[in-house]
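Quick notes on the structure that follows.
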Amino acid sequence: MVTVTIDGKKIEVSEGTTVLRAAQSAGINIPTLCDHPYLTPYGGCRLCLVEVEGARTLQPSCTLPVSNNMVVKTDTQKVLDARKFVLTLIFSERNHFCPYCQVSGGDCELQNSAYHEGMTHWPLQPNWQPYPMDASHPYIILENNRCILCRRCVRACGELVGNYTLGFEERGANSLLVADTGVVLGESSCISCGTCVQVCPTGALIDRWSAYRGHDEQAIDTQTICVGCSIGCGINVFTRDNNLLRIDGNWDAPVNEGVICEIGRFKPMNEKCDRLVTPMIRKNGSLKATTWEEALKVTSSELKSHKGKKGDGIAAMISTRQSIETISHFKGLFSEGLGSELVTTTEEGAFTESAAKVAGSLGKAFEGKLIDMLDADSFMVLGTDLVKDHQVAGFFIKRVIGNGPRLLVLDAEENPLSLLANKALKNKKNTFEDAINALSAAVVKLGLTKEKTSIKATDLDGFATKTGLKSEDYLDAAYVIATQKPMIVYEKGVSAAALKDFAQLIGAKLISVKGKANSLAASQFGLEKPVKLGAHKALVVVLGDDEISQKMIKDFEKVPFKVVIASSSSALTAMADVVLPAANWLEQEGHYLSLDGRLQKANRCLTPATEVRSTDAILLALAETTGIKLNNDWTTELHHRVAATEIVN
Amino acid sequence: MVAKKITIEPVTRIEGHAKVTIRLNDAGKVEHAYLHINEFRGFEKFCEGRMVFEMPLITPRICGICPVSHHLASAKAGDAVLGAPPPRPASLLRELMHMGQIVQSHGMHFFELAGPDLLLGFDCDPATRNIVGLLQANPELTLKAVNLRKWGQEIIATLGGRRIHPVFAVPGGVNKSLKKEERETILAGYDDTIATIKVGLDIIKGWAEANMEDINKFAVFPTGYFGLVDPENALELYEGQIRLIGRDGNQLEKFEPSHYLDYIAEHVENWSYLKFPYYKKLGFPGGVYRVGPLGRLNNSEKITTPMANEEFKKFKALNHGKPVENTLYYHYARLIECLYAAEHVKDLLDDPDIFSTEILNTCHNPQPQGVGVVEAPRGTLIHHYWADEHGKIEKVNLIVSTGHNNWAMCEAVDSVAKTYITGPDIREGLLNRVEAAVRAYDPCLSCSTHAVGQMPIVIEVRDPEDHLVQTLSRG
Amino acid sequence: MGKPKVSSDWMAGCAGCHMSLLDMDERIAKIIELVDLRSTPITDLKVPDATGVDVGILEGGVNNTANEEVALRMRSRCKILVALGDCAVFGGVPAMRNFFTIEESLRRAYIETESTDDSGKIPNDPELCVPTKVRALQEVVPVDVFVPGCPPDADTIFYVLSELAQGRIPDMKGDKLDWH
């Protein structure tokens, strides 16, 4: 521990703490611009300069580590003059048109800094050298005239997301934020996560959709959970007058600590098209608007007529984007209440089945947690594209592999993560079990394990051939993954049992990404049956704001009575006999179980149109009309079978 | 010795600075008078490269008196470029802001600009013919005028966060809905607003009766008339089709605003930075037309609100149903529009959709260009943008309200000069009337309250050899 | 002693700052009581007294030769010069013209625009002023008080005028400075 005196206050901090962090911990405010609590210090803007006794010049407090008995002053005239001068230089470098900038008037850290220092004008006028504005990206506008070269975006793109798209070219007055080797953002390796926009202190990086829709102080900020995938990132949803303004990653959320991906941040901005606003019933061949009363009556009477039938009864499926409460009521209504044999989800257990079987046979959880990814020293990614889905898990890998941890990718499809891998293996389709066994054989052959296994070193060639790869490939791969703290991330199609054995062999932690927001919860409820439609007379699809494949829709055609509960119109609703308009994810609340067993509550952020109801409310109303009583005890049901990962509240 | 050129500089309350030069012939009669608009900023160039959605915040900086007009016309052009027509509640709210603006702008022009002329007289001592004089002569009326403007400005601030350069309309809709308390507050000032406008109407009608000679010889000339109307040719200030009638009152055209290029063009003169729009089929200057209150009322066949419509019928009777050509009747027409706008605010506030939060259409269908048109207080305002596939502006064309009246203002100055300068002896009365001719058109920038003290005008009288003969100055 | 003489004018602005001044509504009567309003765009006198005024207020940036004259004249005739609004203080929105040549801007407006007919040409009558680079007021003359904002709030303008009317330099900070 070291002691530092700041503005007369004695503060004790651990060695290595910067003067800035020490001051902040004691409630002393030093203005900053390039600093950010989640990024490594850069010391570029010089706004945080302070006086240090004995030092020749003013020092940047954000990069200066505290030394024992250091005496610091943050509020002398010298410091105040320096701050004004720093801001003067910053304003003179580029072209700041505050009157019409989207963040001006409260949300610009540069403007607020200037007001804080009492600046009424620019002592140095700019020379009006124009800088380019890049509008090539579908979501993000890069306005270089407003850039203060703080490099928060560059650091975020590298340190938080691991994408390293953004960087600076040239020097001095010609310094320019660019993507990759100097291409426009819309044609670059940018993955549209928007973290750069979230950290930008000025209006240099803004998103088109929320421009001019309102300042933060005019909006309501609701903390909730993203349901774009099974990770369950914490998000801040900004709304104004019941309209979505923008979505930020929640810096305080333990799951993601501020980062989110395109699916969570930008995709929801465009969800308003084709919303269903009224219940509809098919009359004389076409769908006609009707009341909830009539729609529920028609639905429940038809469903009751097929109650309990085997083979020609009711088929029911639900989207795994729905809350646990909804899934629980769904199961209660259709499985117990209406006695349907085919009650499942739209993903048919594909993402969870394998791991659930292993957990069942073991009698206990066997997977690790997301947090284990943070101190893994090698990663193996199997059969899952972390660039397309579960992107934040991909960020956790991408942002560390430059600094030591190694990456092995094994996939039967083209996997974009292969580009960053130390070793990438592309096996033949449906040969994952053989591939994993080949890896085990390789590990044994190389003597990289002390564990016992039935697989022998001599088995390597045989397994390798089956997968269409060479034995040498597996030997290389074994070196990558057989480290002190390996982490294996896998998805459907991969034999969890074989993988579990391999993990034990090398002492690795396992995580399966498990599909969508509540795929694990649906698995716990036993809703994993494949959708095999026979002579079913009625079909209920609780789609919500999800999508299903064209193939499934085609299979549905033959069912004579179809009920669809959905948020937007689609080919599926077009063929339905009853359409019930449902809220989307922002308009309803409920619990979600993330891929590593974290139980979280999603909060409602918007109110849907008058005749639109939450999916849960629709199922409860349907139960009531059908005379079925449902219980609310989903917590017990959630634990009634062993999960692959420990469920934590 | 006969004077050749008279220069009046500056003309007050015009976009930036303007001056009048009057050429006399050898006999000392006015040959021609020119109104030189002396300012140029270049919005049509420097907006290139900005985003379409920034334009509703950049273009209001063209004018601090009617920023709302630019804000809304720009958003409408943005709606067209994004292919995202706003939901009905958003259009209602935009129109509400627009009506607030019409009330404040028209009200202020009449009371604080024209007021001193009309209440204290054209020829009244210049030292008292101003806001201070008005305040002393009739403090109650002045306060009413201030509150009239305040009512309109507060509607704007309620919706857009600020009275001037509000942030409200975005392409596809608006960013805020109306709250119940806000509606109550606006309605609370309604009765006083109507009462003040009616006081104004009494003033102008009384003044007209007492000054018929001036009314009939002061800048009276034929032109076409141009502005928005609804399908039944009722006055429209926010949304509609553009209608153009000829000097005899017969309809020449009625078209979608986005097709304006097919019908009008702009002529350039070397001696003014303001261009001259005209109707292409009749060429320049045969195809000139007037916009703004006089133009719009001539161009319309009715007004959809009851009190304004009653006044409107009286206005139409002034020339037995034919277009009213007298420049000074602009003041009367302005107040009728002010009354309509105030009444219409109430209609909008009573609309069942006025509290709806369905205020933004986020489904885009981008187009390469888009036109947005509204009737600003001073006339038809046209914003035309061309954008690339990323929504970046490639080209901008703006035809700004007062511009359509350019020829008419020049003609008014010329006509008044010819009417009142009959010889080499130039008296002070000339100065006031020349100013009044321009002022009646309420050219943009007539924010002002009016003369306090004397208007400093320098009149130089020069002989044919350009020697200075006589200098008349005041102030 | 008499009331302090105040004069104002506008250059390459939009008049929004003077409109914001009027937005002080009935408080304008108080100001008129405290000061002797000389030339302003709202009082018809166009030039500040040759004998001098106490406070000169200028709105708008300097973007042509006529503006330069106005700025120089006001500076030479007033004791305290106030730059009112972002255009006077920084250059403002009209300063965007500096990214292009003046020739380009004139050509676009008077020749290239889609609605301009064949008579299109760049006006150059000697009666007209000549456009220049757009500058903040302080780039042309020394300024004593800066009042930023686009436009500055009516409350801010009322505060500034009241202070100047009572012989004090306004202290621009806090909500007087923070523009929304």
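Protein chains in written order, with the working numbering: chain A, 2 to 650; chain B, 58 to 532; chain C, 107 to 286.
Where a beta carbon is used, it is the ideal one built from N, C-alpha and C, also for glycine.
- Here residue 253 (chain B) is buried, its C-beta having at least 16 other C-beta atoms within 10 Å.
- Between the C-alpha atoms of residue 331 (chain A) and residue 539 (chain A) there is a straight-line separation of about 15 Å.
- When Cβ-Cβ separations below 8 Å define contact, residue 121 (chain A) makes contact with chain C.
- Using a Cβ-Cβ cut-off of 8 Å, residue 490 (chain B) does not count as an interface residue toward chain C, since no Cβ of chain C sits closer than that to its own.
- Three or more beta-carbon pairs drawn from the region 439-457 of chain A and the region 466-485 of chain A are found closer than 8 Å, and the two stretches are therefore classed as touching.
- A residue is called buried when at least 16 other Cβ atoms come within 10 angstroms of its Cβ; residue 367 (chain A) meets this threshold and is buried.
- The beta carbon of residue 105 (chain B) does not come within 8 Å of any beta carbon belonging to chain A, so the residue lies off that interface.
- Nearest Cα to residue 6 (chain A) within the set A:23, A:16, A:17: A:23.
- In this model, residue 146 (chain A) and residue 192 (chain C) are separated by some 18 Å (Cα to Cα).
- Residue 205 (chain B) and residue 172 (chain B) have their C-alpha atoms spaced approximately 14 Å apart.
- The residue among A:16, A:109, A:3, A:93 with its C-alpha nearest the C-alpha of residue 35 (chain A) is A:109.
- Not one beta carbon of chain B lies nearer than 8 Å to the beta carbon of residue 276 (chain A).
- In this structure residue 176 (chain B) is not in contact with residue 132 (chain C), their Cβ atoms being roughly 19 Å apart against a cut-off of 8 Å.
- Between residue 125 (chain C) and the set B:242, B:340, B:220, the nearest pair of CA atoms involves B:220.
- Among the bridge pairs identified by DSSP, residue 244 (chain A) is matched with A:241.
- If you draw a 10 Å sphere on the C-beta of residue 249 (chain B), you find fewer than 16 other C-beta atoms in it, and that means exposed.
- Of the residues A:568, A:588, A:583, A:564, the one whose Cα lies closest to the Cα of residue 577 (chain A) is A:564.
- The beta carbon of residue 419 (chain B) falls within 8 Å of a beta carbon belonging to chain A, placing the residue at that interface.
- When 8 Å is used as the limit between beta carbons, residue 173 (chain B) is near no residue of chain C, the shortest such separation being about 10 Å.
- In the DSSP assignment, residue 284 (chain A) falls within the beta strand (DSSP E) that extends over 281-284.
- A direct Cα-to-Cα measurement between residue 187 (chain A) and residue 216 (chain A) gives close to 27 Å.
- The C-beta of residue 131 (chain A) comes closer than 8 Å to at least one C-beta of chain C.
- Residues 160, 246, 250 of the same chain have their beta carbon placed closer than 7 Å to that of residue 208 (chain B), with the five preceding and five following residues left out of the count.
- Separation of the CB atoms of residue 276 (chain B) and residue 491 (chain B) is rounded to 10 Å, and the pair is thereby denied contact status at 8 Å.
- A straight-line Cα-Cα distance of about 6 Å links residue 547 (chain A) and residue 320 (chain A).
- Annotated three-state conformation of residue 604 (chain A) is coil, per DSSP.
- Closest option to residue 438 (chain B), judged by alpha-carbon separation, among B:307, B:121, B:131, B:144: B:131.
- Closer than 8 Å to the CB of residue 113 (chain C) there is not a single CB belonging to chain B.
- For the region 223-244 of chain B, the residues whose beta carbon sits under 7 Å from a beta carbon of chain A are, in order, 224, 227, 232, 233, 234.
- A straight line joining the alpha-carbon of residue 227 (chain A) with that of residue 244 (chain C) spans about 51 Å.
- The alpha-carbon separation between residue 199 (chain A) and residue 249 (chain A) amounts to approximately 7 Å.
- Assigned with DSSP and collapsed to three states, residue 81 (chain B) falls in strand.
- For residue 557 (chain A), the enclosing alpha helix (DSSP H) starts and ends at 551-557.
- Counting along the chain, the unbroken beta strand (DSSP E) around residue 170 (chain C) starts and ends at 168-170.
- For the region 313-328 of chain B, residues whose beta-carbon sits nearer than 8 Å to a beta-carbon of chain C comprise 317, 318, 321, 322, 323, 324, 325, 326, 327, 328.
- Here residue 450 (chain B) is buried, its C-beta having at least 16 other C-beta atoms within 10 Å.
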